[in-house]
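Chains as they are written, first to last, in numbering that gives the first Met the number 0: chain A, 0 to 414; chain B, 0 to 414. For every residue, glycine included, the Cβ atom is placed at its ideal position computed from N, Cα and C. Heads up: the structure comes next, in structure tokens.
2 protein chains.
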Amino acid sequence: MSVGIRHDDLRRRNRAMVIAAVRRAGRPSRTEIAATTGLSHSTISAISSDLIGEGILTESKPSEAGSLKRGRPQVGLGLNPEAAAVMTVVLSLNFLSVAVIDYAGQVMSEEQRRLDTLTMSREALIGECTAIVRRRLEDPDLDVRSVARIALAVQGITDTEARAMLWSPITPQTDIAFADILEAEFGIPATMENDCNMMAVALRWRDPGRYRDDFIAILLSHGIGMGLVLKGELFTGTHSSGGEFGHMIHRPGGALCRCGRRGCVEAYAGNYAIWRNARQLGEDTEPAADVSDAQMRALAATARERGGPEREAYRKAGEALGYGLGSLFALIDPAPVAMVGVSAAAFDLIEPALREAIAQTAGGQHSESISFDTEPNELPLIREGCAMRALTFVDQEIFAPGAQARAGLAGKNVA
Amino acid sequence: MSVGIRHDDLRRRNRAMVIAAVRRAGRPSRTEIAATTGLSHSTISAISSDLIGEGILTESKPSEAGSLKRGRPQVGLGLNPEAAAVMTVVLSLNFLSVAVIDYAGQVMSEEQRRLDTLTMSREALIGECTAIVRRRLEDPDLDVRSVARIALAVQGITDTEARAMLWSPITPQTDIAFADILEAEFGIPATMENDCNMMAVALRWRDPGRYRDDFIAILLSHGIGMGLVLKGELFTGTHSSGGEFGHMIHRPGGALCRCGRRGCVEAYAGNYAIWRNARQLGEDTEPAADVSDAQMRALAATARERGGPEREAYRKAGEALGYGLGSLFALIDPAPVAMVGVSAAAFDLIEPALREAIAQTAGGQHSESISFDTEPNELPLIREGCAMRALTFVDQEIFAPGAQARAGLAGKNVA
DNA sequence: CCCTATTTTTTCGAGCCTCGAAAAAACACT
DNA sequence: AGTGTTTTTTCGAGGCTCGAAAAAATAGGG
Chain A
0 MSVGIRHDDL
10 RRRNRAMVIA
20 AVRRAGRPSR
30 TEIAATTGLS
40 HSTISAISSD
50 LIGEGILTES
60 KPSEAGSLKR
70 GRPQVGLGLN
80 PEAAAVMTVV
90 LSLNFLSVAV
100 IDYAGQVMSE
110 EQRRLDTLTM
120 SREALIGECT
130 AIVRRRLEDP
140 DLDVRSVARI
150 ALAVQGITDT
160 EARAMLWSPI
170 TPQTDIAFAD
180 ILEAEFGIPA
190 TMENDCNMMA
200 VALRWRDPGR
210 YRDDFIAILL
220 SHGIGMGLVL
230 KGELFTGTHS
240 SGGEFGHMIH
250 RPGGALCRCG
260 RRGCVEAYAG
270 NYAIWRNARQ
280 LGEDTEPAAD
290 VSDAQMRALA
300 ATARERGGPE
310 REAYRKAGEA
320 LGYGLGSLFA
330 LIDPAPVAMV
340 GVSAAAFDLI
350 EPALREAIAQ
360 TAGGQHSESI
370 SFDTEPNELP
380 LIREGCAMRA
390 LTFVDQEIFA
400 PGAQARAGLA
410 GKNVA
Chain B
0 MSVGIRHDDL
10 RRRNRAMVIA
20 AVRRAGRPSR
30 TEIAATTGLS
40 HSTISAISSD
50 LIGEGILTES
60 KPSEAGSLKR
70 GRPQVGLGLN
80 PEAAAVMTVV
90 LSLNFLSVAV
100 IDYAGQVMSE
110 EQRRLDTLTM
120 SREALIGECT
130 AIVRRRLEDP
140 DLDVRSVARI
150 ALAVQGITDT
160 EARAMLWSPI
170 TPQTDIAFAD
180 ILEAEFGIPA
190 TMENDCNMMA
200 VALRWRDPGR
210 YRDDFIAILL
220 SHGIGMGLVL
230 KGELFTGTHS
240 SGGEFGHMIH
250 RPGGALCRCG
260 RRGCVEAYAG
270 NYAIWRNARQ
280 LGEDTEPAAD
290 VSDAQMRALA
300 ATARERGGPE
310 REAYRKAGEA
320 LGYGLGSLFA
330 LIDPAPVAMV
340 GVSAAAFDLI
350 EPALREAIAQ
360 TAGGQHSESI
370 SFDTEPNELP
380 LIREGCAMRA
390 LTFVDQEIFA
400 PGAQARAGLA
410 GKNVA
């Protein structure tokens, strides 16, 4: 059961609150922080002076913001970029991408690499990941001690504790505890996240106006993934990352899915399914291993030009997505949706059937008010989400005052 | 955004923790509470002496528990039954049931009443509810001032704020703000809850071993409802009570559902659907308004005896429930399930097809390990859940120390 | 029957933390 | 240069939790 609040937790939590307020607001003044957190000016003053002393926050030169107001000018508080750094590792089909990001969120260095994830051995896959991380850590420009956290993202299912990849379509290997492996190798805390969840995290930071407390990010790619934010919290399953929207059942006993089962949403709306239907290959045809983005874009162009089986394939995809969303909405009520990935660029072909289907469901009562946004490129989103996830983790660890402060802090309060 | 922790919140929260610990544990000693909450003995001592002084907790006579141990005997702390009372109002098809419950959870008085909810006017429905509440409040044995909260439950959809019934199968009326109406009428804080959510709450109190952090309560009745607890929290939609499992889509364009749409799980597994299939009436047949529990029991008996269309009807119900659960499990991962309601008594007829269906889905990977429990009687569960919900609300209000303490407290700390 | 070991509960002083009020600081405007 | 305005810091008061020690209440042993 939930544990009582100790007296020293109080300061820790309020420090957390202040750091979070600064990360969200950019360069807020102390007064602004007091307003958003509800804490008194004195408390904010005390905490921020601590945080500045510890090198976590910096005061910006008053010259920066041209203050037009009357009284004493506000001094903005910002995150000290040198306070720490984090690393993001995004592993997707045949592609590995790493970046080092400073505490303020700026990319410091990055590296990308093609590899054949589908055929690699377990050892080779792990080896490539540790090797690329090691190369970034050996970057002479980088103060290694300051890398306070690594966040990995992978397509597929991860465990709730964010330690391991349980299953992924990009490799036949299963149950790889990437987080533990990297921690053991480099002594840096790491987490293993689901790619679509990171998309959702990123959307929240990019556009908090639209993506705030409740929204859905759907990845329309080779497979279908989902990141779900409900009541301001990232939704995960009880044991795994969950939210496997693509494997909800659209038609019992229906088309063959990449997962080996039948009738999943993905078996109608994944790239391979659209491809299969466009080629009129029949629903029992083994899913193609990969369909390139270029091929999908060409397919969409053909569908737009001359209709035919190509257009019908997109219609079926829309129908599956619509009924799937309808079932989802029956559970969680409608919420704004972001469609991400190559096929989001073909959303014009998908939308009519999708809306028609959703109108047949419980969630479709106000079907026209459900709004969709599209973003064809998932990778930047995933990396951004990873970065924010890692940074907020650091935020929460740096709060903890006292002895075991993280390595890589600029100053220390040796009072 | 979440607000900072004020200094005075600390005591309030820790009081809450202590009360919650007592409600859960029954008659814990101060030492036990210190252990479960993680707070120090001194703090527990201070808080519990406050709570006893305010008449919220009582010390039990040391004689009660035959202490066999060596040292100073523990003195148990219990909830003072007279500290407050709550009222539960359960509105179901053609039936209204009210109970008054003391702070320790014992039923003090109750009343039940049959009415024709399907044909009643809005005013009549509201009138019956307020009248029955008024009658209970006028009970001469009852100290009216002590009724600190009313919890209503109704089949159907309520809003997230627990103020109103938005839609219900038991009446054509919609959007009745029962909570506001009762508050205005009696000046007692009220909430309007979904019946299946209350079932889940009750199961958690009844058997915390099995129903702890993640589980599903499914109502197999005229309609199909669900109460869902995830990560220890009751799951609700973004705008409504959500969790409308019965209206997830089983077969796009399929059987006619009571909600007017097609292919919902309920259109195969609700009592009216089983009835319709058993009578071989065709999937477009308008759902029967009501099928009595006796009729359903007879139907199940026939199905067991001679198979035929009756058995097939239950098979179809199992299939729909299985695929529905499979889609649900794709989102949240598998969890223990409690089947509640008349048709739970026919679960033997449902289970084979259900398990077969679930095995075809993403959630069915360990299909045999998913465990089902059955409970044929939903009403006691719903009432129990309401009671606990109301009582924990009271717990949280009574914490708040200071001036605006709730009416109905025995003593007061006039230091 | 008294004394001792044991366990639970209370008491007490110390150390933090937050808060409100007032003071100080830093500017714009006249 | 003086005044008004807004932001930030300072300072004392009041609360809260904690650890250690004391007090309370019992069982067991001689």
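For residue 328 (chain B), the residue or residues it bridges with in DSSP: Residue 328 (chain B) pairs with nothing; no bridge assigned.
Distance cutoff 7 Å, beta carbons only. Does residue 237 (chain B) sit that close to anything in chain A? Closer than 7 Å to some Cβ of chain A, the Cβ of residue 237 (chain B) qualifies, so yes.
Could you pull the DSSP bridge partners for residue 204 (chain B) from this structure? Within the DSSP secondary-structure output, residue 204 (chain B) pairs in no beta bridge.
I believe residue 374 (chain B) touches residue 343 (chain B) by the beta-carbon criterion, under 8 Å. Please report the beta-carbon distance rounded to the nearest angstrom. 6 Å
Please classify residue 157 (chain A): is it buried, with 16 or more other beta-carbons within 10 angstroms of its beta-carbon, or exposed? buried
Can you look up residue 295 (chain B) in the DSSP assignment and give me helix, strand or coil? helix
Contact residues within the segment 7 to 41 of chain B, judged by C-beta distance below 8 Å to chain A: Correct list: 9, 12, 13, 16, 19, 20, 23, 35, 36, 37 and 38.
So, do the segment 49 to 60 of chain B and the segment 16 to 23 of chain B have three or more beta carbon pairs nearer to each other than 8 Å? yes
Within 10 angstroms of the Cβ of residue 326 (chain B), are there 16 or more other Cβ atoms? Answer buried if so, exposed if not. buried
Give the interface partners of residue 251 (chain B) over in chain A, defined as CB-CB distance under 8 Å, in chain order. 249, 250, 318, 322, 356 and 359
Tell me which residues of the segment 331 to 358 of chain A have at least one Cβ-Cβ distance to chain B shorter than 9 Å, keeping chain order. 331, 332, 333, 334 and 356
Endpoints, beta strand (DSSP E) assigned at residue 151 (chain A): 146 to 153 is the extent of the beta strand (DSSP E) around residue 151 (chain A).
Determine, using beta carbons only, whether residue 4 (chain A) comes closer than 7 Å to chain B. yes
Proximity to residue 282 (chain B) [Cα-Cα], best of B:272, B:161, B:52 and B:228: B:272
Determine whether the Cβ of residue 246 (chain A) lies closer than 7 Å to any Cβ atom of chain B. Interface residue, yes.
Assigned exposure category for residue 246 (chain A) - 16 Cβ within 10 Å defines buried: buried
Determine, for residue 186 (chain B), whether the minimum Cβ-Cβ distance to residues of chain A falls below 7 Å. Answer no: the Cβ-Cβ gap between residue 186 (chain B) and chain A never drops below 7 Å.
Less than 7 Å between the C-beta atoms of residue 331 (chain A) and residue 241 (chain B), yes or no? yes
Answer with yes or no whether the minimum CB distance from residue 243 (chain A) to chain B is below 7 Å. yes
Would you list, in chain order, the members of the segment 221 to 237 of chain B that have their beta-carbon closer than 7 Å to a beta-carbon of chain A? 229, 236 and 237
Cutting at 7 Å between CB atoms, please list the residues of its own chain near residue 288 (chain B), excluding the five before and the five after it. The answer, listed in chain order, is 117.
Work out the CA separation of residue 250 (chain B) and residue 265 (chain B) for me, nearest whole Å. 11 Å
Select from the segment 159 to 184 of chain B all residues with a C-beta closer than 9 Å to any C-beta belonging to chain A, and list them in chain order. 159
Could you work out which residues of chain B lie near residue 326 (chain A), taking near to mean beta carbons separated by less than 7 Å? Listed along chain B, the residues sitting closer than 7 Å to residue 326 (chain A) by beta-carbon distance are 247, 248 and 326.
CB contact flag (residue 198 (chain A), residue 226 (chain A), <7 Å): Contact flag set, yes.
Can you tell me whether DSSP reads residue 412 (chain A) as helix, strand or coil? Only weak support exists for where residue 412 (chain A) lies, its pLDDT of 30 falling under 50; the coordinates are left without a value.
Using a Cβ cut-off of 7 Å, which residues of the segment 286 to 304 of chain B contact any Cβ in chain A, in chain order? none
Residue 203 (chain B) versus residue 210 (chain B) - alpha carbon distance: 5 Å
Does residue 329 (chain A) come within less than 7 Å of chain B when only Cβ atoms are used? Contacts with chain B at 7 Å (Cβ-Cβ) include residue 329 (chain A).
Who are the Cβ neighbours of residue 103 (chain A) in its own chain at under 8 Å, not counting the five residues just before and after it? These residues qualify, in order along the chain: 77, 78, 79 and 80.
Hey, out of A:13, A:243, A:181 and A:372, whose CA is closest to residue 129 (chain A)'s CA? A:181
Does the beta carbon of residue 194 (chain B) come closer than 7 Å to any beta carbon on chain A? No, residue 194 (chain B) does not count as interfacial toward chain A.
Local conformation of residue 227 (chain A) per DSSP, three classes: strand
Identify whether residue 77 (chain B) lies in helix, strand or coil by the three-state DSSP scheme. strand
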